[in-house]
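Residue numbers (this note's numbering): 503 to 684.
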């Protein structure tokens, strides 16, 4: 079945195959191994479902590559497709606006409660300039942010998760192979 999947994968555009082909093969191999102990119906349905999915995906990618138009934007499928262009649900701006309005209403309500009763303490006079200065406060904040950034960098460096480490760990066989096609 992996041979059939690999041959159907050739229906995709070359750029798409180079970007996602190996990953698609690896995922299919994992799925295929996952259904080995399942019923006959599941083992038969897998190749049919995956073949139809590959044919549909290849058609969509060729259409998308030729026209630049994403047809699923008109009639979105029931499945969730990962797209890098859109990362948040469409309701996010509406919910964020409602939350902002609720916060503003809470602040207004708090002010009305504060000024509704008699003032409990005597008026405090104005602060002298020497009591509070902006420059030392800003310097302390910048220094604290620098220390936090340095600690974060040290943790990332110690865990070897930085982009520099990933690039240096990459072997020549993992880099793009211009002569190899799927």
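Note that the Cβ used here is the ideal one computed from N, Cα and C, for glycine as well.
Should residue i go down as buried or exposed, given a rule of 16 or more other Cβ atoms within 10 Å for buried?
i, result
"residue 511", "buried"
"residue 526", "buried"
"residue 617", "exposed"
"residue 659", "exposed"
"residue 571", "exposed"
If you check the beta carbons only, do residue i and residue j fall under 9 Å apart?
i, j, result
"residue 518", "residue 552", "no"
"residue 556", "residue 597", "no"
"residue 544", "residue 537", "yes"
"residue 638", "residue 567", "no"
Measuring alpha carbon to alpha carbon, tell me which residue in the options is nearest residue i.
i, options, result
"residue 533", "504, 598, 570, 558", "504"
"residue 521", "639, 619, 563", "563"
"residue 535", "548, 661, 523", "548"
Regarding residue i and the ligand MN, is the C-beta to nearest heavy atom distance less than 8 Å?
i, result
"residue 605", "Here there are no bound small molecules, and the ligand MN is not part of this structure."
message: Quick check for students: name the residue ranges of the beta strand (DSSP E) that lie wholly in the stretch 519 to 559, counting only runs of 3 or more.
response: none
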